[in-house]
Structures are given as C-alpha cells and as structure tokens.
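>
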C-alpha cells in the first residue's frame, strides 16, 4: 500500500496530477480543496517537488489502484473516516470534498444538514447518513488549521494527548492549546476521554463563533 509520495510534479490535469519518483509516474486524484494548492506549481521534467499523504484503494471490483492525495495527514485521516459512511466510496468522497476538511467536520459535529448538502453529490438523505455515522467522531478535524502540516502525537493521558494534537496536528500554539483545554475542562470537568474533550473544545469554538 502506498501511504506517502514525494517526487516531481510531472503533469497536472483537471482533477489529478502525476508525481514522478524513482523512474515511476504515479497518477494521484486530488479533492478540490487540495487542487487549489497546486494552481501555481510548475509541472514538467523540471517541475516542483511535491509531498502528498496518500489514501490507496484497490479491490476486486476496482483492480486498478486509486491513489488520492492530501497535503496533510489529518486530511487523509478524515477522508478515510468519511468513506466509512454507507454509499460513499472513494471517488464520491473526492467529489464531495469541495469545502475544507474543518468546514465539513464542523458541519457534521453541529448536525448541519443544510451545510452538508452544499457538497457535490450530497443530498439530504446522504447528509443525514453522514451525521448519523460520524457525529461525535470528527471533532478534532474541525479544529485543523489548513496552513500547517500535522505531526504524529504521543501523550501520557487524554488531557496532554488533546493538547499535543491541537499543537502538533492542528497548528495551534501551545499557549492557545492549553487555554482551550482549560476552558473545556472548566465548562465540563467530568470529561473522561480525549474524544469527549475534543467535543467540548469544539462546542466552545462554535459558541464563540456564534457570538461574533
């Protein structure tokens, strides 16, 4: 399975690119939000170096490998959760991601059916199915900062784990992350897991946004 690609941007098309590395050109499908970051990049034999986190799909029904690329590991992780929803396969999910991952995750966590139906190919019934499957599971992705690449997380307990994710994966300064964790625990001191803490942090962020 291909998990990560680094190489020369050999070719750009409407919805995909070709990455050349070690004598092989890999065709990689890109969601719309990822494609935007490639608009100014030079392609060709002297093309720019690109780095992509890959979601690799191949099955008996689809024997040809399908590689889907993301700038951030967290974006790929969200995508792989998104395709666990019934009737949303990899190709449909790529087409649907016309909004940034944090926007989609926030819509799921706030049960905003209307926002999800704005995604390409997502009607009301499918939006409701997405919420039923993923609500309560994608809060951390709603806090992702698009301009910063994530890094792996190691932590001793769920409080420090949450803080490390906010800093290393989601791009917040350590002081910001500590403040967000403290505020969430002040609002709900009985949280018992990182997932619950992320949900409380997201609830606070949504509340602040609504007050503006």
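In our numbering, the protein residues as written are 227 to 438.
Note that CB positions come from ideal geometry on N, CA and C, so glycine has one too.
Less than 8 Å separating the beta-carbons of residue 244 and residue 251?
yes
> Please classify residue 365: is it buried, with 16 or more other beta-carbons within 10 angstroms of its beta-carbon, or exposed?
buried
> Under 8 Å, do residue 282 and residue 289 count as touching if we go by C-beta distance?
Contact flag unset, no.
> Thinking residue 425 and residue 362 are a contact (beta carbons under 8 Å), I'd like their distance in whole angstroms, please.
7 Å
> Along the chain, where does the beta strand (DSSP E) that runs through residue 340 open and close?
Taken as a continuous stretch (DSSP letters only), residue 340 belongs to no beta strand (DSSP E), being part of the alpha helix (DSSP H) at 339-342.
> Would a C-beta distance cut-off of 8 Å place residue 279 and residue 298 closer than the cut-off?
Yes; because the gap between Cβ atoms is below 8 Å, this pair is in contact.
> With 16 as the cutoff for other CB atoms within 10 Å, does residue 352 come out buried or exposed?
Burial call: buried.
> Please go through the same chain and pick out, in chain order, the residues whose beta-carbon is closer than 8 Å to the beta-carbon of residue 271, but skip the five residues on each side of it.
Only 234 and 236 meet the Cβ criterion.
> Would the beta-carbon of residue 238 fall within 8 Å of that of residue 258?
no
> Let's test the definition: count the other Cβ atoms within 10 Å of the Cβ of residue 415 and tell me whether it reaches 16, buried, or not, exposed.
exposed
> To the nearest angstrom, how far is the alpha carbon of residue 377 from that of residue 253?
Note that residue 377 scores a pLDDT of 39, beneath 50, so its modelled location is shaky and nothing firm can be said.
> So, do the stretch 330-340 and the stretch 392-399 have three or more beta carbon pairs nearer to each other than 8 Å?
no
> Between the alpha carbons of residue 433 and residue 320, how many angstroms are there, rounded?
30 Å
> Where DSSP assigns a beta bridge to residue 233, which residues make up the other side?
276
> Do you know how far the Cα of residue 329 is from the Cα of residue 344?
11 Å
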